[in-house]
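This note's numbering numbers the first residue of the sequence shown as 1298 and each following residue consecutively.
In this text, a Cβ means the ideal position worked out from N, Cα and C, and glycines have one as well.
First the structure, in the form of structure tokens, and then the observations on it.
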Amino acid sequence: MTSTESRPSAGGPSEQPAPVVRTTAGAVRGRREAGLAVFRGIPFAAPPVGEARFMAPRPAPAWDGIRDACAFGPPPPQDLGNLGGPGLLGGPDGDEWLTVNVWTPETDPAARRPVMVWIYGGAYKLGHSGSPGYDARHIAADGDVVVVSLNYRVGMEGFAFIEGAPANRGLLDQVAALEWVRDNIESFGGDPGQVTVFGESAGAGSVASLLSMPRAAGLFRRAIAQSVPGTFFSDALARDIGAALAAEVGLRPTVADLSTIAPRRLTSAGETLSAKMLQRVDRWGQAAPTVTPFSPVVDGEVLATTPWQALRSGSARDIDLLVGHNRDEYRLFVAMAGQLGQITDERAASALRLFAPGPDGEQAYRAAFPDASPSELYERVQTDWLFNMPSLHLAEAQRAGGGSAHVYELTFPAPGNGGALGACHGLDIPLLFGTYGADLGLLLFAGAEPSAEALSLSSSFRSSWTSFARTGDPGWPAYDDAERLVRVLDAEPVVTAYPEERSRRLWEGHEFLPLPLL
């Protein structure tokens, strides 16, 4: 059921009335903005505090009357690290972290438009759906689709191993949000049978996880995974890291102990441990250099296996998949550490020994890339290990399990810093959302107006993504083992054989297993 109130919108008395929609918990009033009806901060679950702290999400309490849905909900508690102070995230204070936002061309239930549900990234320790870089107005308007974004618990609240609490609470939050979409999106003009989940980085890892989770089955029809990280923790590793996190605040990793510390104070444990993880390579192996103590855990219950294993067994054969990566993913992290062009051969060799597949990985990489500098080898092996090969292997696993997948690679260089960052991690976000002057877009576009080529590519991004959400076809052939065709996204996009063939061959046959405790 949907209706509109006579109360005028912020645009003035001559504007259409503010849209009002009835959800399963109560009515909400949004705003009209640039031809769209926009709703922000709608609870999809109860605040996970008090007795609900560290538990699976619970239904949102109902309310009487009409609730204003004009402001984003509070960000979940998180460690901002070197990204700035709390003001970076904006949003109100409070404990209603589990909220959704909706951009829709109209709230007519008969419209039944495709629905796209965005899941943010941030190393499983950062993120907020209200960040300006995730303003979905261009996607909703250009593609004539309904866009939903959601908050989920990150860091200690969402992913730390805690005795007495379910693992992967952040993933369970995402399932709860998708259940809200199933039960409510028709009233916002969306089709609950035509839902696409899409996300980047940790958001793409979340999408991959949802593809493999039985409790997410039937909640979406299509999935877009942008830069899938290969980091999934084994139960033993998660327990060890969880104990180390709790020790940072002098406690045991139990619900009883950790519940004594307020959520926003507990984030300090993750921040402190992140700064020391490199000292634990001998115990945490490949997880240590990621400097994030949080990842999905293959716990045997919420996640029975890794996404690659699940897809190969056919868990997502009935779901359309679009997956890809950026050519120079890891360069962003090298730049943020102030180390562009400063990598020694010793550091490159260390990275190759730690991350390259097989017992002769270092030699294999040097043979495959004989003209690469130490910096290029350092970036290449970590780009491949962390994002590119996990993304490609997800497509291959989907095919092996009887499904289909479309693959892309972004090669357009970020305009900022004279193009020095290349097609780095995160560049796809401002291009897809058209938010060049917000969040990471400020760094990657250096505050300059986007070029005609960037605007054209941005439009192409949205067209392909929304076409896929509507039909399952983004505009190029599905990936196969013979031609390996992918869409290369650049100033002039083309369809060609997978460009990173040397890396593909190096990783052929490699399995992305849960990261072990050494």
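Minimum C-alpha distance to residue i - residue among the options
{"i": "Asn1714", "options": "Leu1812, Thr1569, Ala1745 and Val1472", "result": "Ala1745"}
{"i": "Lys1422", "options": "Asp1376, Arg1409 and Gly1430", "result": "Asp1376"}
{"i": "Tyr1431", "options": "Phe1809, Gln1695 and Val1445", "result": "Val1445"}
{"i": "Gly1424", "options": "Asp1405, Gly1370 and Val1399", "result": "Gly1370"}
{"i": "Leu1575", "options": "Gly1567, Thr1587, Thr1564 and Ser1565", "result": "Thr1587"}
{"i": "Asp1579", "options": "Val1318, Glu1789, Arg1512 and Leu1815", "result": "Leu1815"}
{"i": "Pro1402", "options": "Gly1347, Glu1393 and Leu1333", "result": "Leu1333"}
{"i": "Pro1590", "options": "Ala1420, Glu1483 and Ala1474", "result": "Ala1420"}
{"i": "Gly1597", "options": "Trp1477, Thr1768, Phe1630 and Ala1464", "result": "Ala1464"}
{"i": "Ser1592", "options": "Pro1372, Gly1452 and Asp1392", "result": "Gly1452"}
{"i": "Ala1433", "options": "Leu1728, Ala1788, Leu1740 and Glu1808", "result": "Leu1728"}
{"i": "Ala1505", "options": "Arg1663, Asp1405 and Ser1612", "result": "Ser1612"}
Euclidean distance between Cα positions of residue i and residue j
{"i": "Ile1488", "j": "Arg1624", "result": "Just to set this straight, residue 1488 is Asp in the shown sequence, not Ile. The straight-line gap from Cα to Cα measures roughly 35 Å."}
{"i": "Ala1607", "j": "Asp1617", "result": "15 Å"}
{"i": "Ser1670", "j": "Val1442", "result": "45 Å"}
{"i": "Leu1534", "j": "Pro1604", "result": "18 Å"}
{"i": "Gly1539", "j": "Arg1562", "result": "16 Å"}
{"i": "Ser1306", "j": "Ala1368", "result": "Any reading at Ser1306 must be qualified, since the residue scores a pLDDT of 46, below 50, and its modelled position is unreliable; no value is offered."}
{"i": "Arg1628", "j": "Gly1418", "result": "17 Å"}
{"i": "Val1620", "j": "Ser1565", "result": "34 Å"}
{"i": "Arg1802", "j": "Ala1645", "result": "20 Å"}
{"i": "Gly1806", "j": "Thr1708", "result": "25 Å"}
{"i": "Glu1626", "j": "Arg1329", "result": "37 Å"}
{"i": "Gly1347", "j": "Pro1374", "result": "15 Å"}
{"i": "Asn1685", "j": "Asp1657", "result": "20 Å"}
{"i": "Gln1639", "j": "Leu1674", "result": "12 Å"}
{"i": "Asp1470", "j": "Ser1748", "result": "38 Å"}
{"i": "Ile1416", "j": "Arg1799", "result": "31 Å"}
{"i": "Leu1741", "j": "Leu1724", "result": "7 Å"}
{"i": "Gly1699", "j": "Ser1509", "result": "14 Å"}
{"i": "Glu1460", "j": "Phe1809", "result": "26 Å"}
{"i": "Pro1310", "j": "Gly1327", "result": "Reliability of the predicted coordinates at Pro1310 is poor, the pLDDT of 41 falling under 50, and no value is obtained from them."}
Assigned exposure category for residue i - 16 Cβ within 10 Å defines buried
{"i": "Glu1750", "result": "exposed"}
{"i": "Ser1672", "result": "buried"}
{"i": "Gly1382", "result": "Confidence at Gly1382 is low in this model, with a pLDDT of 38, below 50, so its placement is unreliable and the value that follows should be read with caution. Result: exposed."}
{"i": "Gly1384", "result": "Its pLDDT being 35, under 50, Gly1384 is placed unreliably in this model, and the value from its coordinates should be taken loosely. So Gly1384 ends up on the exposed side."}
{"i": "Glu1693", "result": "buried"}
{"i": "Arg1450", "result": "buried"}
{"i": "Gln1695", "result": "buried"}
{"i": "Glu1302", "result": "Confidence at Glu1302 is low in this model, with a pLDDT of 44, below 50, so the placement of that residue should be treated as unreliable; the coordinate-derived value is given next. So Glu1302 ends up on the exposed side."}
{"i": "Val1791", "result": "exposed"}
{"i": "Asn1511", "result": "Correcting the residue identity first, residue 1511 is Pro in this sequence and not Asn. Answer is exposed; the Cβ neighbour count stays below 16."}
{"i": "Gly1362", "result": "exposed"}
{"i": "Arg1650", "result": "exposed"}
{"i": "Thr1768", "result": "exposed"}
{"i": "Ala1664", "result": "exposed"}
*Taking one C-beta from the segment 1549–1562 and one from the segment 1341–1353 each time, how about it: are there three or more such pairs within less than 8 Å?*
Contact between the segment 1549–1562 and the segment 1341–1353 is present, because at least three Cβ pairs lie under 8 Å.
*Which ranges does the beta strand (DSSP E) cover as unbroken runs of at least 3 residues, wholly within the segment 1516–1555, from first to last along the chain?*
Runs found: 1519–1523.
*Can we say the segment 1787–1800 touches the segment 1680–1696, given the rule of at least three CB pairs closer than 8 Å?*
Contact check between the segment 1787–1800 and the segment 1680–1696: three or more CB pairs, one atom from each, fall below 8 Å, which counts as touching.
*Should the segment 1520–1529 be called in touch with the segment 1583–1599, which here means at least 3 C-beta pairs below 8 Å?*
Flag = yes, the segment 1520–1529 and the segment 1583–1599 touch.
*In the segment 1434–1481, which residue ranges form an unbroken alpha helix (DSSP H) of at least 4 residues, counting only runs that do not cross its ends?*
The segment 1434–1481 contains these whole alpha helix (DSSP H) runs: 1434–1440, 1452–1455 and 1466–1481.
_When you compare the segment 1774–1784 with the segment 1726–1737, are there three or more beta-carbon pairs, one atom per stretch, that lie closer than 8 Å?_
Result no; under three Cβ-Cβ pairs closer than 8 Å.
*Which runs of the beta strand (DSSP E), 3 residues or longer, sit entirely within the segment 1386–1411?*
As summarised for the segment 1386–1411, the continuous beta strand (DSSP E) elements at least 3 residues long and confined to that stretch are 1396–1401, given in chain order.
*Along the chain, which unbroken stretches of the beta strand (DSSP E) at least 3 residues long are found entirely within the segment 1622–1681?*
Entirely contained in the segment 1622–1681, not one beta strand (DSSP E) run reaches 3 residues.
*Counting only runs that start and end within the segment 1765–1799, where is the beta strand (DSSP E) found for 3 or more residues in a row?*
Restricted to the segment 1765–1799, the beta strand (DSSP E) segments that are unbroken, complete and at least 3 residues in length are 1782–1786 and 1791–1794, listed in chain order.
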